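Visitor: Take this structure, written in structure tokens, and hold onto it; I'll ask about it next.
There are 2 protein chains.
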Amino acid sequence: MKKFEEKTTHTTPIFDGKIVKLQVDDVILPNGKAAKREIIKHPGAVAVIAITNEGKLVLVEQYRKALERSIIEIPAGKLEQGEEPIVTARRELEEETGYGAHEFTFLQAFATSPGFADEIIHIFVAKDLYQIEEKADLDEDEFVELLEVSLEEAQEMVANERIYDAKTAFAIIWFAMQQAK
Amino acid sequence: MKKFEEKTTHTTPIFDGKIVKLQVDDVILPNGKAAKREIIKHPGAVAVIAITNEGKLVLVEQYRKALERSIIEIPAGKLEQGEEPIVTARRELEEETGYGAHEFTFLQAFATSPGFADEIIHIFVAKDLYQIEEKADLDEDEFVELLEVSLEEAQEMVANERIYDAKTAFAIIWFAMQQAK
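So the protein lines, in turn, are chains A and B. Counted the way the UniProt record's numbering counts, the first sequence spans residues 1 to 181. Counted the way the UniProt record's numbering counts, the second sequence spans residues 1 to 181.
Pasting the structure below:
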């Protein structure tokens, strides 16, 4: 896990934002030479595979400024400081979809962009859903539209790139494989 | 594709690095209110599922400073300015593994972190491999170790999180599903 370790000799903080921080680390490479690494610090995030009592997968469409387009994803959101991922998962599912879930199970975690960012996404599966009576508010800068599709439709949407983000594509395919076992 | 579009009124460049750029966009939300978006600009990347003539998947282990650990990935690298992804795929496979391939096919593309970055990864499948006689040099700050595993072993490594990054996990599972059809 530490093979080819790069030791930090100095960290230069560049930006401290609402979502990300950026720093440049001076490092010593395994061959003793010096190099610089540009690193995005992100608090981490959760994403939720929510299955309705009719067996449909709950998706949300939202505008992603970085891509300058709207995309279709599973409900997701970033961790607040010191928050357990399961807590974030419950909150984001409620806020983005109006669903609560009696059953939450952890599925998998992964790094999204290890070449430049430390973001880890924790995937949960939510079942035994119920409608929240007083739907929690979205963040004030968030606008989403719900879709409910079958797992077969979702896999088709991965194949034709209507689903276009790594967490959603991986989560759908991985979950479908586990179900098929 | 433009649902809930956020119009940019001003862009503040923050950082222009070797790998990433960071900017903060002032936007107008669909409800007319103003907000800020922190955006990482990345040139995009390729990743290669390379299958040896013995049917093994070629993996590389390397240190990822952002995660402060070494991880096991499929060969990958970022696009140079204006470069076609297939060209990057050939170069990165050769540099990181010493393999060339007579057959390259495009598999899928996806966004890795649409919440804050524009990075798109293009996945290719490389078959009919051959050893490069004079192995191309790695970038001078790159150190990698090769592994060759069966597709079954690779899927097991996703399940137990020895494979821990989105592109590799998705590519392995997606490729395995296509093969099984």
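For each residue, glycine too, the CB sits at the ideal point set by N, CA and C. Remember, predicted model here, so these are calculated numbers, not experimental data.
(1) Under a Cβ-count criterion, where at least 16 other Cβ atoms within 10 Å of its own Cβ denotes burial, should B/G115 be classed as buried or exposed?
(2) From this set, B/M1, B/A34 and B/P75, which residue's C-alpha is nearest A/S70's C-alpha?
(3) Taking the alpha-carbon of B/A126 as reference, which of B/S113, B/E142, B/G98 and B/E145 has the nearest alpha-carbon?
(4) Taking 8 Å as the cut-off, decide whether the C-beta atoms of B/L147 and B/E61 are in contact.
(5) Looking at chain A, is there any beta carbon in it that lies within less than 8 Å of the beta carbon of residue 182 of chain B?
(6) Here's the rule: buried if 16 or more other CB atoms are within 10 angstroms of the residue's CB, otherwise exposed. What is B/D139?
(7) The alpha helix (DSSP H) with A/T11 in it runs from where to where?
(8) Can you check DSSP and say which residues form a bridge with A/S70?
(9) Leaving out five residues on either side along the sequence, give the residues of the same chain with a beta carbon under 8 Å from the beta carbon of A/I49.
(10) In terms of residues, what are the limits of the beta strand (DSSP E) holding B/F124?
(11) What does B/F124 reach in chain A if we use C-beta pairs closer than 7 Å?
(12) Please classify A/D128 as buried or exposed, where buried requires at least 16 other C-beta atoms within 10 Å of its C-beta.
(13) Considering only the alpha carbon of each residue, which of A/E96, A/I14 and A/I72 lies closest to A/E156?
(14) For A/I132 and A/Q23, what's the separation of their Cα atoms in angstroms?
(15) So B/Y63 and A/F4 are in contact, right, with Cβ under 8 Å, and what is the actual spacing, rounded?
(16) On the DSSP bridge assignment, give the partners of A/E145 in chain order.
(17) Inspect the beta-carbon positions of A/K65 and B/D26 and report whether they are closer than 8 Å.
(18) Under 8 Å between the Cβ atoms of A/L93 and A/V149?
(19) For B/S70, return the contacting residues in chain A, with the cut-off set at a CB-CB distance below 8 Å.
(20) By Cβ distance below 6 Å, which residues in the same chain neighbour B/T8 in space, the five residues on each side in sequence not counted?
(21) Could you please give the first and the last residue of the uninterrupted alpha helix (DSSP H) stretch that includes B/I172?
(22) Can you have a look at A/G77 and say buried or exposed, based on whether 16 or more other CB atoms are within 10 angstroms of its CB?
(23) Beta-carbon within less than 7 Å of A/A45's beta-carbon, same chain only, minus the 5 sequence neighbours each way: which residues are those?
(24) Of all the options A/R162, A/I39, A/R91 and A/Q81, which has the alpha carbon lying nearest to the alpha carbon of residue 191 of chain B?
(25) Helix or strand or just coil, what does DSSP make of B/R162?
(26) So, at 8 Å on beta carbons, what are the nonlocal neighbours of A/A169 in its own chain, with the 5 sequence-adjacent residues on each side left out?
(27) Nearest by alpha-carbon distance to A/R37: which of B/I86, B/N160, B/A180 and B/I19 is it?
(28) List, in order along the chain, the chain B residues whose C-beta lies closer than 9 Å to that of residue 182 of chain A?
(29) State the DSSP-derived secondary structure class of B/Q23, mapped to helix, strand or coil.
(30) If the cut is a Cβ gap below 7 Å, which residues of chain A does B/S150 touch?
(31) Looking at the secondary structure, which residues open and close the alpha helix (DSSP H) in which B/A89 lies?
Guide: Taking the structure as given:
(1) buried
(2) B/M1
(3) B/G98
(4) yes
(5) One cannot answer for residue 182 of chain B here, as it falls past the ends of chain B, which runs 1 to 181.
(6) exposed
(7) First-last for A/T11: K7 to D16, but that is the beta strand (DSSP E), not the alpha helix (DSSP H).
(8) A/Y63
(9) L57, I74, L107, I123, F124, V125, A126, A171, I172 and F175
(10) I120 to Q131
(11) Going along chain A, no residue has its Cβ under 7 Å from B/F124, so there is no contact; the nearest lies around 15 Å.
(12) exposed
(13) A/I72
(14) 41 Å
(15) 4 Å
(16) A/E61
(17) no
(18) no
(19) M1, K2, K3, F4 and E5
(20) D25 and V27
(21) A166 to A180
(22) buried
(23) A76, G77, K78, L79, E119 and I121
(24) The shown model of chain B, from 1 to 181, leaves out residue 191 of chain B, and the question about it has no answer.
(25) coil
(26) V158 and I163
(27) B/I19
(28) Nothing can be reported for residue 182 of chain A, as the shown portion of chain A is limited to 1 through 181.
(29) strand
(30) In chain order: nothing, as chain A lies at least about 17 Å away.
(31) P85 to T97
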